[in-house]
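Report on the structure given below.
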Amino acid sequence: MRRLIRGHLLLRAMGGALLALCALASQAASAPNQAAIATAHPAATVAGQETLALGGNAFDAAIAISAALAVVEPYGSGLGGGGFFLLREAGQTPRYRFLDARERAPLAAHAYLYRVDGQVQRSLSLDGTLAAAIPGLPAALVELAERFGQLPLRDALAPAIRLARSGFSVDRVYRERAGWRLAAMRDDAETARLFLDQGEIPEELALLRQPELADTLERLGEQGFAGFYQGELAQRLVAGVRAAGGIWTLEDLAQYRVVERQPLRVALAEGRELISAPPPSAGGLAIAQSLLILQQLPWQQSDTLQRRHLVVESLRRAYRDRGLLGDPDFVASPIKQLLAPAHLSHLAASIDPYKATPSDSLPPAGSWQEGDHTTHFTVLDASGNAVAATLSINLPFGAAFTVPGTGVLLNNEMDDFAADVQGANAYGLAGSQANAIAAGKRPLSSMSPTFIESASEFTSFGTPGGSRIPSMVLLAALQYLDGAPIATWPAVGRYHHQFRPDLIEYEPGSLNAEEIAGLQALGHQLKATTRPYGNQQVLLWEKTTGQVQAASDPRGIGESAIMAPIKP
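In terms of mature numbering (1 follows the signal peptide of the UniProt record, and there is no 0), the sequence shown is residues -28 to -1, 1 to 540.
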């Protein structure tokens, strides 16, 4: 096996050098001259198209799409939540930025916030106002408009305002997600009034209007940051939260800021570069480590069973390491050490090609939990600007609490912190302490908007799915690296390993009986999920041909679109 790996690495290096020379020699286009959009909901895709048609760029379209999703996917994102935005600014040398609009813990939060009589009460971090961190999405929309957009914020928000005021049709996904959170939604009168029908799940195609949310969006469009985080709306938000037992203050809102961080950038084989999410996302690291480990292994030359084994073992090690991360404003980030060639070579060498590695045999790291019902979109404009964004309110319908008179449905992202640091030493105290609750801190996340770019191609990946996000992005990226058609990237059957629990989760139908038996013979434990998961949105710009493609996950109701340049 070691001789095979050494020969594989030599061939990869020679092939990579040849491809890099060919790419440099080609006349790659500096701009696609077409726009591409892929979102999780048709109405959001239309909002992005409308904004581009008005003369907006990808950043304006990202505002329109985010706001539209906040209206039509209240189970996945919203003004009461946050997210990560990965940006590509077009130019001869593209510039990448990462906007961290993750929610922050209120200033009155502390490590033992959810302890009652010495025991963690997780329900307190799931339902109601105590579960809600300070939202970041409104600030991100303002930041995008003021720093990167070409249109006034109110123009980019116009499609969402229209959707909120005129209404949208309830679909099967809405009904499914509402069913999962029905009891919690019934417990809050305002949430039940807005999102249920007489306390029941609305019928499919029923019209759902949110006039208070339309007013809030209009205020944000006219007043910017102050329209949400200060003044009358801020006072209403704080009063509503505190009346229901929450701990928000006006200072919490006024102090919120989007943080621009350096994207995680990693050189891959064949002249490609991975650009992904840095901490407080742990997803970018997991994707980067998995790809770099697999580059040292003959995954492309292996049969299907062996390839799945190598992918699982790479994920096992990457997920073990991610437990060491937290908010970089509060804890030291060991990214350089975890991506060091010696460390990655050690991880690759520890993989037995013929046997699963029990997670108990690896040094432990921290554990975490997080909701998996977020949303993702990607957009590329005709100039080559691009955005990949993953947005969330954590569990479906967040904390199931809507602040009266605002239309703002609150997140329950506080549940993404490690609430039980005392009881976490079975999985490693250091990791749990890194993600412990603290005033003003941002919880660890798996959200992983990701680009892979070379001289000849630009690609974008991303999906909701909680802790499974990195494995889903990895599997889609491997489809791309294998030269598969773009439609297969989000459609590929999914399997997942995250170190703890020590088992392979897989979608029904993604592994056949022979593959299941083969993996079990290698020592893996397997468990089928009850339903498909994830909702990936991807795009591809082939610079040498100028062709632009996009694709939405067939598991969802999303829609992709290609737009020709708008002629004056």
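We put the CB at the ideal spot given by N, CA and C, even for glycine.
Kindly list the residues whose CB is nearer than 6 Å to the CB of residue 495, restricted to its own chain and excluding five residues on each side of it in sequence; keep chain order.
-> Here residue 495 corresponds to residue number 523 of the sequence shown, with the count starting at 1. Hits under 6 Å: 327, 328.
Residue 513 - containing beta strand (DSSP E), residue span: Position 541 of the sequence shown, counting from 1, holds the residue named residue 513. Looking at the DSSP string, the run of the beta strand (DSSP E) that includes residue 513 is 509 to 514.
- Query: Hey, residue 96 and residue 232 are a contact pair by Cβ (cut 8 Å); roughly how many whole angstroms apart?
  - Reply: Here residue 96 refers to the residue found at position 124 when the sequence shown is read from its first residue. Here residue 232 refers to the residue found at position 260 when the sequence shown is read from its first residue. With a Cβ gap of about 33 Å, residue 96 and residue 232 do not count as contacting.
If you draw a straight line from the C-alpha of residue 61 to the C-alpha of residue 111, how long is it? The residue you call residue 61 lines up with position 89 of the sequence shown. The residue you call residue 111 lines up with position 139 of the sequence shown. Spanning the two alpha carbons is a distance of roughly 20 Å.
Counted within 10 angstroms of its Cβ, other Cβ atoms place residue 206 as buried (16 or more) or exposed: Residue mapping note: residue 206 aligns to position 234 of the sequence shown, counting from 1. Residue 206 should be labelled buried.
| If we ignore side chains and look at the alpha-carbon of each, how far apart do residue 543 and residue 334 end up? | Because the chain in this structure spans residues -28 to 540, residue 543 falls outside the shown range and cannot be described.
Q | Assigned secondary structure, residue 359 (DSSP; H/G/I helix, E/B strand, else coil) | A | Here the question's residue 359 lines up with position 387 in the sequence shown. Residue 359 falls in the strand class under three-state DSSP.
Mapping the DSSP letters down to three states, classify residue 470 as helix, strand or coil. Translated into the one-based positions of the sequence shown, residue 470 becomes position 498. Reduced to three states, the DSSP call for residue 470 is coil.
Check whether the segment 68 to 87 and the segment 104 to 120 touch, using three or more Cβ-Cβ pairs below 8 Å as the test. yes
Item checked: N-terminal and C-terminal residue of the alpha helix (DSSP H) that residue 231 is part of -> Here residue 231 refers to the residue found at position 259 when the sequence shown is read from its first residue. Where residue 231 is concerned, there is no enclosing alpha helix (DSSP H), although the beta strand (DSSP E) it sits in stretches over 231 to 233.
Next on the checklist: Taking its Cβ as the centre, do 16 or more other Cβ atoms sit within 10 Å of residue 44, making it buried, or is it exposed?
Outcome noted: Position 72 of the sequence shown, counted from the first residue, corresponds to residue 44. Buried: at least 16 other Cβ atoms inside 10 Å.
Item to complete: Would you check if the segment 381 to 393 and the segment 439 to 454 touch, i.e. whether three or more CB-CB distances between them fall below 8 Å?
Response: no
**Proximity of residue 258 and residue 287 at Cβ, strictly below 9 Å** = Along the sequence shown, read from residue 1 onward, the residue named residue 258 stands at position 286. Along the sequence shown, read from residue 1 onward, the residue named residue 287 stands at position 315. Taking 9 Å as the Cβ cut-off, residue 258 and residue 287 qualify as a contacting pair.
Item to complete: Entirely within the segment 5 to 48 and at least 4 residues each: give me those alpha helix (DSSP H) ranges in chain order.
Response: 14 to 25, 30 to 44
Ends of the alpha helix (DSSP H) at residue 444?
For the purposes of this step, residue 444 is identified with residue 472 of the sequence shown, where counting begins at 1. Per DSSP, residue 444 belongs to the alpha helix (DSSP H) from 441 to 453.
### Query
How many angstroms separate the CA atom of residue 426 from the CA atom of residue 357?
Position 454 of the sequence shown, counted from the start, is the residue given in the question as residue 426. Position 385 of the sequence shown, counted from the start, is the residue given in the question as residue 357. Whole-angstrom Cα-Cα distance: 15 Å.
Exercise. In this structure, what does DSSP give as the bridge partners for residue 423?
Worked result: On the sequence shown, position 451 is the one that residue 423 refers to. Paired residues: 247, 432.
What did DSSP end up calling residue 169 once you bin it into helix, strand or coil?
Translated into positions along the sequence shown, residue 169 becomes position 197. In the structure shown, residue 169 sits in a strand (DSSP, three-state: E or B).
To which residues of the same chain is residue 316 closer than 8 Å at the C-beta, ignoring the five residues directly before and after it?
Numbered from 1 along the sequence shown, position 344 holds the residue referred to as residue 316. So the qualifying residues of the chain are 261, 264, 265, 268.
Exercise for review: Determine the direct distance from the alpha carbon of residue 366 to that of residue 49, and round the result to whole angstroms.
Suggested key: Position 77 of the sequence shown, counting from 1, holds the residue named residue 49. Position 394 of the sequence shown, counting from 1, holds the residue named residue 366. Taking the straight line from one Cα to the other gives about 8 Å.
At what residues does the beta strand (DSSP E) containing residue 308 begin and finish? As a first step, residue 308 is located in the sequence shown; it is residue number 336 there, counting from the start. Element bounds for residue 308: not the beta strand (DSSP E) but the alpha helix (DSSP H), 307 to 310.
* Asked: Can you name, in chain order, every residue of its own chain whose Cβ lies under 8 Å from the Cβ of residue -5, other than the five neighbours on each side?
  -> Translated into positions along the sequence shown, residue -5 becomes position 24. Here the model assigns residue -5 a pLDDT of 36, short of 50, so the residue's position is not dependable and the matter cannot be decided.
* To do: Assign residue 483 to one of three DSSP states: helix, strand, or coil.
  => Within the sequence shown, residue 483 is the residue found at index 511, counting from 1. It is coil, neither helix nor strand.
Tell me, please, whether the segment 139 to 149 touches the segment 174 to 183 by the rule of three or more beta-carbon pairs shorter than 8 Å.
yes
Would you identify the three-state DSSP class for residue 237, choosing helix, strand or coil? The residue you call residue 237 lines up with position 265 of the sequence shown. The answer is strand: DSSP assigns residue 237 an E or B state.
Should the segment 293 to 306 be regarded as contacting the segment 479 to 489, the criterion being three or more beta carbon pairs within less than 8 Å? no
- Message: DSSP has residue 371 in a bridge; who is on the other side?
- Response: Reading the sequence shown from its first residue, position 399 is the one you call residue 371. According to DSSP, residue 371 bridges with nothing at all.
- Query: Taking the alpha-carbon positions, what's the residue 467 to residue 252 distance?
  - Reply: Here residue 467 is taken as the residue at index 495 of the sequence shown, counted from 1. Here residue 252 is taken as the residue at index 280 of the sequence shown, counted from 1. Rounded to whole angstroms, residue 467 to residue 252 spans 24 Å at the Cα level.
Practice item. Indicate the three-state DSSP secondary structure (helix, strand or coil) for residue 391 in the structure shown. Key: Locating residue 391 in the sequence shown gives position 419, counting from the first residue. Of the three classes helix, strand and coil, the one that applies to residue 391 here is coil, per DSSP.
Touch check for the segment 348 to 364 and the segment 6 to 20: three-plus C-beta pairs under 8 Å? yes
message = Nearest by alpha-carbon distance to residue 431: which of 509, 486, 493 is it?
response = In the sequence shown, counting from the first residue as 1, residue 431 sits at position 459. Nearest C-alpha to residue 431: 509.
For this session: Give the DSSP-derived three-state secondary structure of residue 464 in the structure shown.
Result: Position 492 of the sequence shown, counting from 1, holds the residue named residue 464. The answer is coil: DSSP assigns residue 464 none of H, G, I, E or B.
Checklist line | Burial state of residue 256, where buried means 16 or more other Cβ atoms lie within 10 Å | finding: In the sequence shown, residue 256 corresponds to position 284, counting from 1. The residue in question, residue 256, is buried, as its Cβ has 16 or more Cβ neighbours within 10 Å.
> Can you give the beta carbon distance from residue 39 to residue 189, rounded, assuming they're within the 8 Å contact cut?
Replying inline: Translated into the one-based positions of the sequence shown, residue 39 becomes position 67. Translated into the one-based positions of the sequence shown, residue 189 becomes position 217. The pair is a contact, with the Cβ atoms about 6 Å apart (cut-off 8 Å).
**Report entry** Cα-Cα separation between residue 371 and residue 174, rounded to whole angstroms
**Finding:** Here residue 371 refers to the residue found at position 399 of the sequence shown. Here residue 174 refers to the residue found at position 202 of the sequence shown. For residue 371 and residue 174, the distance between alpha carbons rounds to 19 Å.
Bridge partner(s) assigned by DSSP for residue 352: On the sequence shown, position 380 is the one that residue 352 refers to. Its beta-bridge partners are 8, 358.
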